[in-house]
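Numbering (this note's numbering), first residue to last: 1 to 322.
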């Protein structure tokens with residue numbers, strides 16, 4: 001039933017997808033501009049160097065002579081490529097300090113990008129909660145500004161943890177599958193790619209499982225940052241394996257839709273599938289939270305999902321807005 005209710009909540013909140021799209025496009029343009037400002041000087045210096053020009057000329061000469069069948073000239077071109085490539089690697093080694101600072105700059109921009117994207121996710125989550133609890137249509141920009149303090153505190157904690165977790169999973173997965181498993185002769189490249197993607201899907205699903213209650217606890221549960229943080233990682237009586245299996249299916253569906261959008265629409269459908277991915281994941285988080293906490297909620301204008309045992313508000317909970 002969670003999938004069915006999640007789909008209904010997603011459809012009921014589909015208009016927020018376009019607001020997410022506009023918000024993320026603005027962030028992406030700023031992020032791309034800053035990244036280009038950092039990388040362009042180094043790229044221009046590299047591509048304008050004599051060694052890089054010699055390398056490109058050698059490759060062109062090699063391909064030309066290979067097509068024409070000039071074996072002697074192919075040998076000369078190959079030697080030119082080797083010499084130019086060695087010189088180019090030396091040039092990169094000599095500039096490793098600048099490269100390191102460039103990498104740090106790009107990582108910082110990525111973190112800031114994820115922070116502001118997280119503010120948009122928090123606003124989207126608040127809109128979904130308002131729709132589920134009261135079927136109220138909350139404006140995106142007003143909701144973003146209204147929740148700016150809480151959203152900033154949440155993302156200052158979540159973004160670095162998420163980034164470190166993602167980076168660690170990718171590095172460890174790569175080292176194990178592409179380096180350690182390279183010693184196994186029958187593991188060909190397609191099998192390695194399959195294992196790596198599978199590992200990443202599971203890792204993403206595990207992260208989502210352990211953080212799924214964070215936003216609902218903050219927004220619907222009105223918990224403080226510390227209490228919500230402890231609550232989301234406390235998996236007692238939360239049917240963790242069931243939630244994990246649901247997230248694995250959702251991540252696979254989202255992955256398939258986004259890859260399909262790239263292949264069959266040349267990336268155009270990504271304008272819808274990417275922001276929709278965040279909306280449907282947030283919808284599942286809140287459906288999962290409402291169901292477990294036995295709270296009634298709207299899945300559309302005329303349909304309310306009620307728990308088997310409805311919780312009666314105390315006087316204190318009523319006046320606190322719980």
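We put the CB at the ideal spot given by N, CA and C, even for glycine. Given the structure is predicted, the values throughout are model-derived calculations rather than measurements.
Residue i to residue j span [Cα, whole Å]
{"i": "residue 82", "j": "residue 50", "result": "14 Å"}
{"i": "residue 197", "j": "residue 190", "result": "11 Å"}
{"i": "residue 159", "j": "residue 129", "result": "22 Å"}
{"i": "residue 174", "j": "residue 14", "result": "36 Å"}
{"i": "residue 228", "j": "residue 194", "result": "36 Å"}
{"i": "residue 201", "j": "residue 170", "result": "11 Å"}
{"i": "residue 38", "j": "residue 114", "result": "18 Å"}
{"i": "residue 172", "j": "residue 203", "result": "11 Å"}
{"i": "residue 214", "j": "residue 155", "result": "11 Å"}
{"i": "residue 337", "j": "residue 166", "result": "A query on residue 337 cannot be resolved here, the shown segment of the chain reaching from 1 to 322 and no further."}
{"i": "residue 106", "j": "residue 112", "result": "10 Å"}
{"i": "residue 285", "j": "residue 123", "result": "14 Å"}
{"i": "residue 240", "j": "residue 36", "result": "42 Å"}
{"i": "residue 161", "j": "residue 79", "result": "48 Å"}
{"i": "residue 176", "j": "residue 185", "result": "15 Å"}
{"i": "residue 47", "j": "residue 92", "result": "11 Å"}
{"i": "residue 41", "j": "residue 116", "result": "26 Å"}
{"i": "residue 18", "j": "residue 270", "result": "12 Å"}
{"i": "residue 208", "j": "residue 276", "result": "17 Å"}
{"i": "residue 308", "j": "residue 1", "result": "14 Å"}
{"i": "residue 261", "j": "residue 274", "result": "10 Å"}
{"i": "residue 259", "j": "residue 28", "result": "20 Å"}
{"i": "residue 238", "j": "residue 118", "result": "25 Å"}
{"i": "residue 31", "j": "residue 168", "result": "23 Å"}
{"i": "residue 45", "j": "residue 101", "result": "16 Å"}
{"i": "residue 338", "j": "residue 143", "result": "A query on residue 338 cannot be resolved here, the shown segment of the chain reaching from 1 to 322 and no further."}
{"i": "residue 218", "j": "residue 300", "result": "23 Å"}
{"i": "residue 303", "j": "residue 210", "result": "30 Å"}
{"i": "residue 149", "j": "residue 225", "result": "11 Å"}
{"i": "residue 272", "j": "residue 179", "result": "37 Å"}
{"i": "residue 222", "j": "residue 153", "result": "14 Å"}
{"i": "residue 43", "j": "residue 98", "result": "11 Å"}
{"i": "residue 33", "j": "residue 21", "result": "18 Å"}
{"i": "residue 231", "j": "residue 212", "result": "10 Å"}
{"i": "residue 52", "j": "residue 96", "result": "17 Å"}
{"i": "residue 305", "j": "residue 135", "result": "12 Å"}
{"i": "residue 104", "j": "residue 296", "result": "47 Å"}
{"i": "residue 126", "j": "residue 86", "result": "55 Å"}
{"i": "residue 55", "j": "residue 251", "result": "42 Å"}
Residue i, DSSP secondary structure in three states
{"i": "residue 289", "result": "helix"}
{"i": "residue 273", "result": "helix"}
{"i": "residue 139", "result": "coil"}
{"i": "residue 150", "result": "helix"}
{"i": "residue 61", "result": "helix"}
{"i": "residue 370", "result": "In the structure as shown, the chain starts at 1 and stops at 322, and residue 370 therefore has no counterpart that could be examined."}
{"i": "residue 165", "result": "helix"}
{"i": "residue 11", "result": "helix"}
{"i": "residue 222", "result": "coil"}
{"i": "residue 323", "result": "Outside the displayed span of the chain (1 to 322) sits residue 323, for which this structure offers no information."}
{"i": "residue 268", "result": "coil"}
{"i": "residue 1", "result": "coil"}
{"i": "residue 308", "result": "coil"}
{"i": "residue 79", "result": "helix"}
Residue i, enclosing alpha helix (DSSP H) - first and last residue
{"i": "residue 116", "result": "96 to 134"}
{"i": "residue 38", "result": "16 to 47"}
{"i": "residue 256", "result": "240 to 265"}
Residue range of the beta strand (DSSP E) that includes residue i
{"i": "residue 234", "result": "Here residue 234 belongs to no beta strand (DSSP E), and DSSP marks it neither H nor E."}
{"i": "residue 298", "result": "297 to 300"}
Beta-bridge partners of residue i, as assigned by DSSP
{"i": "residue 303", "result": "300"}
Any non-hydrogen atom of the ligand NAD within 7 Å of residue i CB
{"i": "residue 266", "result": "With respect to the ligand NAD, the structure offers nothing, as it holds no ligand at all."}
| query | At a cut of 8 Å, does the segment 6 to 25 reach the segment 283 to 298 through at least three beta carbon pairs? | reply | Counting Cβ pairs under 8 Å, three or more are found: they touch.
| field | Validate contact between the segment 275 to 285 and the segment 241 to 261 using beta carbons, cut 8 Å, 3 pairs | value | In short, these stretches touch, since the Cβ pair count reaches three.
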